[in-house]
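This report refers to the structure that appears directly beneath it.
Number of protein chains: 2
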Amino acid sequence: MGHVTETARKARRRSRGGDQAARSGAPGQNPQLEVPFITRGIPTYDLLGDDSLAQIEATADRILAEIGIEFRDDPETVRLFRTAGGHVNDLTADSWNIKFEPGMIRDILKTAPARFTQHARNPARSVEIGGEAVVFAPSYGSPFVMDLDKGRRYGTIEDFRNFIKLGQSSPWLHHSGGTICEPTDIAVNKRHLDMVYSHIRYSDRAFLGSITAPERAEDSIEMCRILFGADFVDQNCVIMGNFNTTSPLVLDGVTTQGIRAYARAGQGSIHLPFLLGGAVSPLTMAGSVAQCLAESMVSCALTQLVRPGAPAVLASFLSSMSLRSGSPTFGTPEPALGSLVMGQLARRLNMPLRCAGNFSTSKLPDAQAMQQSMMSMMSAVQCGANYVLHSAGFLDGLLSMSYEKFIMDTDLCGALHAYLKGIEVNEDTLAFDALAEKGPGEHLFSTAHTMRHYKTAYWDSAMDDNQPWETWDEQGGIDAATRANSRWKEQLNAYQTPPLDPGKDEALQEFMAKKKASMPDAWY
Amino acid sequence: MGHVTETARKARRRSRGGDQAARSGAPGQNPQLEVPFITRGIPTYDLLGDDSLAQIEATADRILAEIGIEFRDDPETVRLFRTAGGHVNDLTADSWNIKFEPGMIRDILKTAPARFTQHARNPARSVEIGGEAVVFAPSYGSPFVMDLDKGRRYGTIEDFRNFIKLGQSSPWLHHSGGTICEPTDIAVNKRHLDMVYSHIRYSDRAFLGSITAPERAEDSIEMCRILFGADFVDQNCVIMGNFNTTSPLVLDGVTTQGIRAYARAGQGSIHLPFLLGGAVSPLTMAGSVAQCLAESMVSCALTQLVRPGAPAVLASFLSSMSLRSGSPTFGTPEPALGSLVMGQLARRLNMPLRCAGNFSTSKLPDAQAMQQSMMSMMSAVQCGANYVLHSAGFLDGLLSMSYEKFIMDTDLCGALHAYLKGIEVNEDTLAFDALAEKGPGEHLFSTAHTMRHYKTAYWDSAMDDNQPWETWDEQGGIDAATRANSRWKEQLNAYQTPPLDPGKDEALQEFMAKKKASMPDAWY
């Protein structure tokens, strides 16, 4: 028998006797780790040296100066950039190429805050975005949902509400997210109302609003004015929009009009190039990152032209592709490295960053799902990302939101609270006295140091099975996916709606009803 | 529909048309990543500042100076440390406590090489251990094996050979390991002969020898003399022993005699405290790391007293425990952080490090298995570990070696080849021309840059399913564990024994036969 094994067995045997009575309680209880948002206690993982970073920045500048960005269907955005010094070239009646002198966009971004607060309706749950703050939010944008019972199907408003409730029930997320899944049973031109209302009603955390049309962005913000009061909204960030560039190097009019709506209202916006390497960005990661920086900077800069000081978040979503099938791949090593570099670039810009998440292409909550997720998610927490959308539920290359994966991911988010806390080094944690107390060859179960630390020393997963094989086998030999399946049902059953002022609730419902009555259903 | 999703779909659709014909081939082919060992291309992830590291080192020194290490049943080791300046205190007739002045052990370690070569019988597969080199080896020491067909049972020599063959078949491991599983169908006092022979016969990579008794260590080395020639073995490292301290703060006689046997022969040795926090080390990670450093340094130092310059590897195996059940837990965040610190400490000592691996407590190759594995394994590759034992197969808290997990882990090891390569930043990879070639709004599928890089840009997993859901579903909707189950059988079927000089083979078999005939079977 290997020595390692023997030691483990001895330790396990010894531990049965001792202090077990003192150590009970439900799994997954690490209340000392619960926070409205994480404050990073570990350094970032800096991959590249200053020279390489400067080369990437110079390439981003060169892209903007020599290739330029194409804008579509939004003359006001073109006017703003022209006034700021951009070189506008008319392509068609409603599309323009704009080139930017090196450094111009960086200058515009100087008014963007390095860190800001997004207020939640429960003030104890407001989050900071930027600096050492880290915020986890659920996945975003899947048309399908899946669970082990019913398989894969289109998402509905019931699924949408369920995921908000599951998020609200987890202490390891900090933000309610946005389009957690598409509620495809509601008309496209009306579903934003139900989504925003559901976030407000079933969660007391901060959330994202609609961006799929300028009027839907306005509705989202208007509902916040009902909730928070118009004056408060004018002076504080209470909602954010998550905007995608149309890579490579295009910003369409729906996007720029939406960005302007959020910025005009003083609200936050996230500026995301979704870069599928080889398709809409170069296959090589240095090039994808340079392009990402160029696109996200320009998109962020628009906010500062509309309202200097408006909160804007640099963002990156790097993915790779299967070069055999052309399918996008997620959770692979190259994008994880690219995310680490994006963290460095965001810090050099002194801007908050959204980056990576629990990505996977798996179609089940299986080993592949969590291996890929970890590759991606570790890069998020190590790169210094401030807002991690897609922290829970992501499967099927973002086409499906999984109930079981959501549970697994939130548990992982808990573990990452412990990870981001880091290692404390002081006389107590160095624990010389613990070893000296009994000396060589004696276990430490009952030392004063162990008694003092046993409740808080280690992350205590609610999902992992750490039992001996025999116990696990006697209890049915259940895998992680099956445990997660039970768990999400338990959590939904135990969910409690956070209190909401009835007057505000009524006003919100009235607003929705009026809006819905004002237009026929549209499904595009 | 979310913009992200829409973009992914468009990209997917477009990619079907283009250049698919040019992009075929079996999965998992990244021949450009194949190497006999990895040379790290990314920086290490340094968690603590110099002050904290100095505090940990001072605590390790204080442990050695004030508490000391207990030695048992090996007067020669006591004599060596006494002669070197250790303060020996007789505890019983065959146990001693030795205390070491601060700095004494570090001084002794100055003759230990920072980096050395372990020769494989196939010279193209020799590995470097130390510096920027990274070597992956299979898991070590499980009494049980498991697969999805037959479940969990005691390991046999057939399993042992199977795992050697699976390792040899994977380009993503570099070393054949040691006691991959216990061949429990062979007498304890004879199985080391079959294990060493199997490594030599079924693999052409470097491997670990026996450490369970001094004479078994000697036999292991003697078999290498038959294989490599006695003179070569005297001047080169061709085998290593993996030794465990008996934590806390004990080195037993079997261990120290074994260490002396390997060192005397000029062979390598790994010096591992297996620290189950709260049981055999403090619950707080700073204390566990200080103890780990103290124990491993003393164990390493013995080699230098026996033969200055003998290769010795500092090591750490940090784990946590469930504070509710007392069960060991693996793949949790605190030990991952501790591993990052061990990397820093090893570099300050200028010694090679063995650290972490694909640890898990799961009893199945499920989501938990790979989530925990990743938490642990990422710390190994990020901390600068040079030799990563337990890189493949580890399940069930190291009690079981899993066929399916072995396949998943080796595929992950491949991904880590890409990760450790890092990001190249130069004019070609910055890819300005690729974006300029077609301009905004045009995909990059057929750019010259894409054509030049598509074969090597991304890690191409042999195990992950990255297909669209519909294709995956049509093909049976198979999970990662089931795919791994098919894969290990395919790999065993395709395995080819590397050639071995028939004269040497005969001599090895003769040695084994003589040894086996010289003693009755013993089962302890």
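Note that the protein sequences, when read in sequence, are chains A and B.
Take 1 as the starting number for the first sequence in the UniProt record's numbering and just add one per residue.
Take 1 as the starting number for the second sequence in the UniProt record's numbering and just add one per residue.
Built from N, CA and C at the ideal position, the CB exists for glycine as well.
Pair within 8 Å by beta-carbon distance, residue i and residue j
i: A:Ile-211; j: A:Gly-167; result: no
i: B:Ala-263; j: A:Asp-366; result: no
i: A:Val-341; j: A:Leu-48; result: yes
i: A:Tyr-419; j: B:Leu-276; result: no
i: A:Phe-228; j: A:Glu-128; result: no
i: A:Ser-288; j: A:Ser-281; result: yes
i: A:Ala-217; j: A:Ala-522; result: no
i: B:Pro-308; j: A:Leu-435; result: no
Cβ of residue i within 8 Å of any chain A Cβ
i: B:Glu-66; result: yes
i: B:Thr-256; result: no
i: B:Gly-309; result: no
i: B:Met-342; result: no
i: B:Met-38; result: The question names Met, but residue 38 of chain B in the sequence shown is Ile. False, the Cβ-Cβ gap to chain A never drops below 8 Å.
i: B:Phe-445; result: yes
i: B:His-192; result: no
Own chain, CB closer than 7 Å to residue i, minus 5 neighbours either side, in chain order
i: B:Gly-343; result: Thr-44, Leu-353, Cys-355, Cys-383, Gly-384 and Ala-385
i: A:Lys-515; result: Leu-193 and Asp-219
i: B:Arg-409; result: Position check: residue 409 of chain B holds Asp in this sequence, whereas Arg was assumed. Cβ neighbours of B:Asp-409 beyond the five flanking positions: Asn-358, Ser-373, Ser-391, Ala-392 and Gly-393.
i: A:Thr-39; result: Glu-132 and Ala-133
Cutoff 6 Å; reference residue i; Cβ partners in own chain excluding five residues on either side
i: B:Asn-97; result: Gly-68, Glu-70, Asn-89 and Leu-91
i: B:Asp-159; result: Val-145 and Cys-181
i: B:Leu-283; result: Gly-277
i: B:Arg-487; result: Ile-407
i: A:Tyr-495; result: Lys-165 and Ser-169
i: A:Glu-102; result: The amino acid at residue 102 of chain A is misidentified as Glu; the sequence shows Pro. Closer than 6 Å at the Cβ level, and outside the excluded window around A:Pro-102, lie Asp-61 and Ala-65.
i: B:Leu-349; result: none
Minimum Cβ-Cβ distance from residue i to chain B less than 8 Å
i: A:Phe-406; result: no
i: A:Asp-521; result: no
i: A:Asp-50; result: no
i: A:Val-135; result: no
i: A:Ala-356; result: no
i: A:Asp-185; result: no
i: A:Arg-285; result: Note on residue identity: the sequence assigns Met, not Arg, to residue 285 of chain A. Taking Cβ atoms only, chain B reaches closer than 8 Å to A:Met-285, which makes this a yes.
i: A:Pro-248; result: yes
i: A:Gln-55; result: yes
i: A:Asn-30; result: no
Where the alpha helix (DSSP H) through residue i begins and ends
i: A:His-453; result: 448-453
i: B:Phe-432; result: 432-438
i: B:Lys-99; result: Element bounds for B:Lys-99: not the alpha helix (DSSP H) but the beta strand (DSSP E), 95-99.
i: A:Glu-182; result: No alpha helix (DSSP H) holds A:Glu-182; DSSP gives it neither H nor E.
Contacts around residue i, its chain only, beta-carbon distance under 8 Å, and the 5 residues preceding and following it disregarded
i: A:His-3; result: With a pLDDT of only 40 at A:His-3, under the threshold of 50, the placement of this residue in the model should not be trusted; the figure read from the coordinates follows. Cβ neighbours of A:His-3 beyond the five flanking positions: none.
i: B:Asp-505; result: Arg-201
i: A:Met-285; result: Gly-277, Leu-318, Glu-334, Pro-335, Leu-337, Gly-338 and Val-341
i: B:Asn-30; result: Gly-414, His-417, Ala-418, Thr-456, Trp-459 and Asp-460
Range covered by the beta strand (DSSP E) that runs through residue i
i: B:Asp-147; result: 144-147
i: B:Met-514; result: At residue 514 of chain B the sequence reads Lys, which differs from the Met that was named. It is not in any beta strand (DSSP E) - B:Lys-514 instead sits in the alpha helix (DSSP H) that spans 502-517.
i: A:Asp-90; result: 87-92
i: A:Ile-69; result: 69-72
i: A:Thr-117; result: 115-118
i: B:Ala-312; result: 312-321
i: A:Asn-244; result: 240-244
Residue i CB to nearest heavy atom of the ligand FMN below 7 Å
i: B:Gly-397; result: Annotation note on the ligand FMN: not contained in the displayed structure, which lists no ligands.
Proximal chain D residues relative to residue i, where beta-carbon distance stays under 7 Å
i: B:Gly-439; result: Of the protein chains in this structure, namely A and B, none is chain D.
In the region 363-380 of chain A, which residues sit with their C-beta less than 8 Å from some C-beta in chain B, listed in chain order?
Lys-363, Leu-364, Pro-365, Asp-366, Ala-367, Gln-368, Ala-369, Met-370, Gln-371, Gln-372, Ser-373, Met-374, Met-375 and Met-378
Please list, in chain order, the residues of the region 413-435 of chain B that have any C-beta partner in chain A closer than 8 Å.
Ala-415, Leu-416, Ala-418, Tyr-419, Gly-422, Ile-423, Glu-424, Val-425, Asn-426, Asp-428, Thr-429, Leu-430, Ala-431, Phe-432, Ala-434 and Leu-435
The region 288-305 of chain B: which residues have C-beta closer than 7 Å to a C-beta of chain A, in chain order?
Ala-290 and Gln-291
What residues from the region 196-210 of chain A come within 7 Å of chain B, judged by C-beta to C-beta, listed N to C?
none
Relative to chain B, which residues along the region 67-95 of chain A have a C-beta separation below 8 Å, given in chain order?
Ile-67, Gly-68, Ile-69 and Glu-70
Along the region 455-471 of chain B, where does the CB come closer than 8 Å to a CB of chain A? Name the residues.
Lys-455, Ala-457, Tyr-458, Trp-459, Asp-460, Ser-461, Met-463, Asp-464, Asp-465, Asn-466, Gln-467, Pro-468 and Trp-469
Mind checking the region 476-496 of chain A against chain B and listing, in chain order, the residues whose C-beta falls within less than 8 Å of any C-beta there?
Gly-477, Asp-479, Ala-480, Ala-481 and Ala-484
Within 7 Å of chain B by C-beta, residues of the region 140-155 of chain A in sequence order
Tyr-140, Gly-141, Ser-142, Pro-143 and Arg-152
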